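S.K.:
Residue numbers (mature numbering (1 follows the signal peptide of the UniProt record, and there is no 0)): -18 to -1, 1 to 134.
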């Protein structure tokens, strides 16, 4: 009986270590995009020529969205949530080849970014450095994506 329990526990440990890690990315395939842009954007002359699923910068933006830290300032956290939402919409719009959606998401991102810049004056030095690191990486990745898009 003891051997049976021992092998049962051993089997449980081995199989639990071999399982695949779940994907908690905000851009998982199930949630990824049911609509592929509006009808008016499909016939547009300018199109977005980028594969968002294979783009390293888009992957880093997605990772930064999911790992963004929480701060003690509630107003700052609210703006960070708005910033994350704008970034998700930006990535979805690029994937859906939706130029107007992409432009709206960029405007929303810029608005949240400016509010965060005002609110970060109240942070201590360590939190300010962490926030700055995230914001710089986000802005750099968006700039690289925008530069790589056709027509820019």
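Glycine included, every Cβ here is placed at the ideal spot set by N, Cα and C.
Here the structure is a predicted model, which means the values were calculated and not measured.
Please say whether residue 53 and residue 69 have beta carbons closer to each other than 8 Å?
M.R.: no
S.K.: How big is the Cα-Cα spacing for residue -10 and residue 50?
M.R.: Pairing residue -10 with residue 50, the inter-Cα distance amounts to about 37 Å.
S.K.: Terminal residues of the continuous alpha helix (DSSP H) containing residue 52?
M.R.: No alpha helix (DSSP H) holds residue 52; DSSP gives it neither H nor E.
S.K.: Return helix, strand or coil for residue 79, following the three-state DSSP convention.
M.R.: coil
S.K.: To the nearest angstrom, how far is the alpha carbon of residue 62 from that of residue -14?
M.R.: Cα-Cα distance, rounded: 49 Å.
S.K.: Roughly how many angstroms lie between the CA atoms of residue 113 and residue 129, to the nearest whole one?
M.R.: 24 Å
S.K.: DSSP state of residue 114, grouped into three classes?
M.R.: helix
S.K.: Which residues in the same chain have their Cβ closer than 6 Å to the Cβ of residue 105, if we skip the five residues on either side of it in sequence?
M.R.: none
S.K.: According to DSSP, is residue 71 part of a helix, a strand, or is it coil?
M.R.: Here residue 71 sits in helix by DSSP.
S.K.: For residue 67, which residues from the same chain have a beta carbon less than 6 Å from its beta carbon, with the 5 sequence-adjacent residues on both sides left out?
M.R.: none
S.K.: Return yes when the Cβ of residue 55 is within less than 8 Å of the Cβ of residue -8, no when it is not.
M.R.: No.
S.K.: According to DSSP, simplified to helix, strand and coil, what is residue 58?
M.R.: helix
S.K.: Using DSSP with H/G/I as helix, E/B as strand and the rest coil, what is residue 106?
M.R.: Look at residue 106 here: in three-state DSSP terms it is coil, with no helix or strand label.
S.K.: Touch check for the segment 41 to 49 and the segment 115 to 128: three-plus C-beta pairs under 8 Å?
M.R.: yes
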